[in-house]
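Have a look at the structure below, then the notes.
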Amino acid sequence: MSTISVIGCGYLGAVHAAAMASLGHRVVGVDVDEAKIESLSAARAPFFEPGLEELLASAQSDDADAPAVLTFTTDIAAAAEATVHFVCVGTPQRRGEFAADLTYVDAAVESLLPVLKAGDLVVGKSTVPVGTAARLAELIRPTGAELAWNPEFLREGHAVEDTVTPDRLVYGVPEGAAGEQATAALDEVYAATLAAGTPRLVADYATAELVKTAANSFLATKISFINAMAELCEAAGADVTLLADAIGMDDRIGRKFLNAGLGFGGGCLPKDIRAFMARAGELGADQAVAFLREIDSINMRRRVRMVDLAREVVHGSFIGKHITILGAAFKPDSDDVRDSPALAVAGLISLQGGTVTVTDPQAIDNARRMFPDLGYEPDLDTALRDADAVLLLTEWPQYRQLEPEHAADLVRGRAIVDGRNVLDPVQWRAAGWTYRALGRP
Ligand code: UDX
């Protein structure tokens with residue numbers, strides 16, 4: 000058993016702390032946000048993530064005889080009893096720039112300095128520009144602690160399973176004996192995961208940092224590639240969903256992440272590819288990732304194309320039209336609205352004079368905070384009532400399963416634009432709907 004502190008209890012940290020406790024370690028989660036700590040201490044997840052509350056509850060059992068394996072606090076001094084300290088704070092995009100904002104990472108490491116002791120291991124999990132680990136290792140050197148970089152690959156909506164049973168573990172460690180000690184400490188932390196057969200790769204800091212950035216760039220590239228093909232399919236009268244099925248059957252290509260539609264959003268892919276371009280520029284290697292600018296442009300064009308299609312189905316103008324938008328979260332099984340393509344489209348339509356009603360099973364509160372001027376309605380049927388057009392922009396199961404006959408009785412105009420290519424065009428057209436999609440004839 001290891002004694003672990005997790006600095007930063009946002010998305011990454013809260014899941015990591017609960018998952019490490021479930022693997023049998025003693026864990027303290029530390030965050031400056033009192034409301035978050037209060038919520039986590041009561042086994043309430045401050046955001047929607049399937050499975051997280053169960054994990055929090057089982058690790059914070061009320062049994063007075065059993066020592067708590069998972070606690071949360073705002074007091075960094077509580078990290079002093081831990082020997083492994085995970086840094087799990089966010090690295091958002093800097094305002095007005097492409098580069099990552101490292102303020103929180105730097106503050107987290109600085110707050111740890113007074114509690115670190117010789118033999119401790121600080122483990123960075125945040126997504127950072129290559130070169131950050133080497134700089135932080137210098138900062139903590141006087142304490143006698145060592146640093147490792149162990150990037151996180153979790154997907155929102157699957158965060159618990161991705162943390163407990165990831166595809167792979169990557170350790171970025173220093174050279175020599177310090178690196179061997181860091182590897183041994185991480186092997187102890189992940190003993191159960193390794194025993195279950197998860198492969199682990201041990202690398203230098205820079206490679207470990209780049210693995211994460213490269214993986215996210217590749218995923219973004221796959222999505223924008225198929226969306227570029229969707230643009231061609233629209234021009235040529237072809238069907239991108241069949242095209243994706245057919246090319247995906249080649250296992251060198253693979254079908255995953257070839258779902259064409261409104262493109263990617265969220266707190267990771269968009270900002271990570273931009274931060275990568277910024278860092279590559281600093282390193283004099285901007286040519287190597289110049290293609291990522293195009294990946295970003297293809298992605299942003301999807302939103303404009305969606306608005307154009309929506310305008311077409313309401314006969315050329317949004318003025319006086321009621322548009323119902325299914326989905327506010329950047330993807331299903333999440334209440335995260337950071338860089339949500341659905342909300343970007345909703346905002347553009349509203350700016351062009353449309354009356355917008357957004358519905359979502361989980362993300363309405365977050366959406367309202369970010370875009371207070373849009374209309375919101377949690378009930379799906381009420382949201383559909385009197386719509387001149389319906390746009391499916393986040394593919395929650397309840398929207399995929401929407402019955403065209405049922406929806407037809409509620410709306411004013413039977414027009415639907417399928418922004419995620421998840422509905423059956425034949426079924427919708429048979430029920431009298433005008434069905435349009437991105438990349439399908
Ligand atoms: C991503 C990475 O998958 C994860 O490994 C990394 O740690 C963080 O970033 P996440 O942002 O949670 O995870 O979402 P993901 O499931 O990757 O989806 C990202 C976006 O791409 C969503 O907006 C989704 O709708 C979109 N997407 C995904 C597509 O448009 N098409 C696809 O085929 C797949």
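Counting from 1, position 206 in the sequence shown corresponds to residue 205 in numbering that gives the first Met the number 0; the numbering is continuous, with no gaps.
By construction, the Cβ of each residue, glycine as well, lies at the ideal position given by its N, Cα and C atoms.
Pair every Cβ in the region 354-362 with every Cβ in the region 390-406, then say whether three or more of these pairs are closer than 8 Å. yes
Buried or exposed for residue 11, going by 16 or more other Cβ atoms inside 10 Å? As a first step, residue 11 is located in the sequence shown; it is residue number 12 there, counting from the start. By the 10 Å Cβ count, residue 11 comes out buried.
Since residue 39 and residue 71 should fall inside the 8 Å C-beta cutoff, what is the C-beta to C-beta distance between them, to a whole number of angstroms? For the purposes of this step, residue 39 is taken as residue 40 along the sequence shown, with counting starting at 1. For the purposes of this step, residue 71 is taken as residue 72 along the sequence shown, with counting starting at 1. Residue 39 to residue 71, Cβ: 4 Å. Contact.
Would you kindly check if the distance between the Cβ of residue 169 and the Cβ of residue 150 is under 8 Å? On the sequence shown, residue 150 is found 151 positions in, with the first residue counted as 1. On the sequence shown, residue 169 is found 170 positions in, with the first residue counted as 1. Contact: yes.
Could you check whether residue 437 and residue 234 sit closer than 8 Å to each other, using their CB atoms as the reference points? The sequence position of residue 234 within the sequence shown is 235, counting from 1. The sequence position of residue 437 within the sequence shown is 438, counting from 1. No, they are not a contact pair.
Using a threshold of 7 Å, is the CB atom of residue 155 nearer than that to any non-hydrogen atom of the ligand UDX? In the sequence shown, the residue the question calls residue 155 occupies position 156. Result yes, Cβ under 7 Å from the ligand UDX.
Please tell me whether residue 348 and residue 306 are closer than 8 Å, where the distance is taken between their beta carbons. On the sequence shown, position 349 is the one that residue 348 refers to. On the sequence shown, position 307 is the one that residue 306 refers to. Closer than 8 Å, so yes.
For a quick check, are the C-beta atoms of residue 266 and residue 335 less than 8 Å apart? Along the sequence shown, read from residue 1 onward, the residue named residue 266 stands at position 267. Along the sequence shown, read from residue 1 onward, the residue named residue 335 stands at position 336. Yes.
Since I believe residue 121 is in contact with residue 146 (beta carbons under 8 Å), could you give me their beta-carbon distance rounded to a whole number of angstroms? As a position in the sequence shown, residue 146 is number 147, starting the count at 1. As a position in the sequence shown, residue 121 is number 122, starting the count at 1. Confirmed, about 5 Å.
Need the endpoints of the alpha helix (DSSP H) that residue 434 sits in, please. The residue given as residue 434 occupies position 435 in the sequence shown. No alpha helix (DSSP H) contains residue 434, which is instead part of the beta strand (DSSP E) from 433-436.
To the nearest angstrom, report how far apart residue 81 and residue 139 are at their CA atoms. Looking up residue 81 in the sequence shown gives position 82. Looking up residue 139 in the sequence shown gives position 140. Their backbone Cα atoms lie some 16 Å apart in a straight line.
Proximity winner among 58, 278, 90 and 3, relative to residue 459 (alpha-carbon distances): This structure gives no information on residue 459, because the portion of the chain shown stretches from 0 to 440.
Ends of the beta strand (DSSP E) at residue 15? As a first step, residue 15 is located in the sequence shown; it is residue number 16 there, counting from the start. Segment 10-21 is the alpha helix (DSSP H) holding residue 15; no beta strand (DSSP E) there.
Check: residue 392 C-beta below 7 Å from any heavy atom of the ligand UDX: Looking up residue 392 in the sequence shown gives position 393. Incorrect: residue 392 has no Cβ contact closer than 7 Å to the ligand UDX.
Reference residue 419, options 20, 263 and 75, closest by Cα: Position 420 of the sequence shown, counting from 1, holds the residue named residue 419. Comparing Cα positions, the closest option is 263.
Own chain residues within Cβ distance below 8 Å of residue 57, not counting five before or after: By one-based count along the sequence shown, residue 57 stands at place 58. Cβ within range, chain order: 21.
Starting from residue 405 and walking both ways along the alpha helix (DSSP H), at which residues does that stretch end? As a first step, residue 405 is located in the sequence shown; it is residue number 406 there, counting from the start. Here the alpha helix (DSSP H) through residue 405 covers 403-409.
One or two residues paired with residue 109 in a DSSP bridge: As a position in the sequence shown, residue 109 is number 110, starting the count at 1. None, per the DSSP bridge assignment.
Cβ-heavy atom distance between residue 151 and the ligand UDX below 7 Å? Position 152 of the sequence shown, counting from 1, holds the residue named residue 151. True, at least one ligand heavy atom lies under 7 Å from that Cβ.
As a quick exercise: from 203, 37 and 329, pick the residue whose alpha carbon is nearest that of residue 175. As a first step, residue 175 is located in the sequence shown; it is residue number 176 there, counting from the start. That would be 203, whose Cα lies nearest to the Cα of residue 175.
Just how far apart, CA to CA, sit residue 362 and residue 273? On the sequence shown, position 363 is the one that residue 362 refers to. On the sequence shown, position 274 is the one that residue 273 refers to. If I take the Cα positions, the gap works out to 25 Å.
I think residue 197 touches residue 167, with their Cβ atoms under 8 Å apart; what is that distance to the nearest whole Å? Counting from one through the sequence shown, the residue named residue 197 turns up at place 198. Counting from one through the sequence shown, the residue named residue 167 turns up at place 168. Their Cβ separation, rounded to whole angstroms, is 7 Å, which keeps residue 197 and residue 167 in contact under 8 Å.
Taking all protein chains shown into account, decide if residue 408 is buried (16 or more other Cβ within 10 angstroms of its Cβ) or exposed. For the purposes of this step, residue 408 is identified with residue 409 of the sequence shown, where counting begins at 1. Per the 10 Å Cβ criterion, exposed.
Within the same chain, show all residues whose beta-carbon is closer than 6 Å to that of residue 218, passing over the 5 residues directly before and after it, in chain order. Position 219 of the sequence shown, counting from 1, holds the residue named residue 218. Closer than 6 Å at Cβ, skipping near neighbours: 256.
Which residues in the same chain have their Cβ closer than 7 Å to the Cβ of residue 271, if we skip the five residues on either side of it in sequence? Here residue 271 corresponds to residue number 272 of the sequence shown, with the count starting at 1. Excluding sequence neighbours, residue 271 sits near 126, 212 and 215.
Measure the Cβ-Cβ separation of residue 15 and residue 116 and say whether it is below 8 Å. The residue you call residue 15 lines up with position 16 of the sequence shown. The residue you call residue 116 lines up with position 117 of the sequence shown. No.
Beta-carbon spacing of residue 269, residue 338 below 8 Å: Taking the first residue of the sequence shown as position 1, residue 269 is located at position 270. Taking the first residue of the sequence shown as position 1, residue 338 is located at position 339. Cβ distance < 8 Å, so residue 269 and residue 338 count as in contact.
Just tell me which of 282, 440 and 376 has its CA closest to the CA of residue 232. Your numbering for residue 232 matches position 233 in the sequence shown. Closest option to residue 232, Cα to Cα, is 440.
Assuming contact is defined by CB atoms lying nearer than 8 Å, are residue 67 and residue 29 in contact in what I supplied? Locating residue 67 in the sequence shown gives position 68, where the first residue counts as 1. Locating residue 29 in the sequence shown gives position 30, where the first residue counts as 1. Against a cut-off of 8 Å, the Cβ pair of residue 29 and residue 67 comes out as no contact.
Spatial neighbours of residue 376 within its chain, please: CB distance less than 7 Å, with the 5 preceding and 5 following residues excluded, ordered by chain position. By one-based count along the sequence shown, residue 376 stands at place 377. These residues qualify, in order along the chain: 356, 358 and 382.
Out of curiosity, what's the CA-to-CA distance linking residue 328 and residue 177? On the sequence shown, position 329 is the one that residue 328 refers to. On the sequence shown, position 178 is the one that residue 177 refers to. Distance between the alpha carbons of residue 328 and residue 177 is about 43 Å.
Collapsed DSSP secondary structure at residue 129 in the structure displayed: Taking the first residue of the sequence shown as position 1, residue 129 is located at position 130. In the structure shown, residue 129 sits in coil (DSSP, three-state: anything other than H, G, I, E or B).
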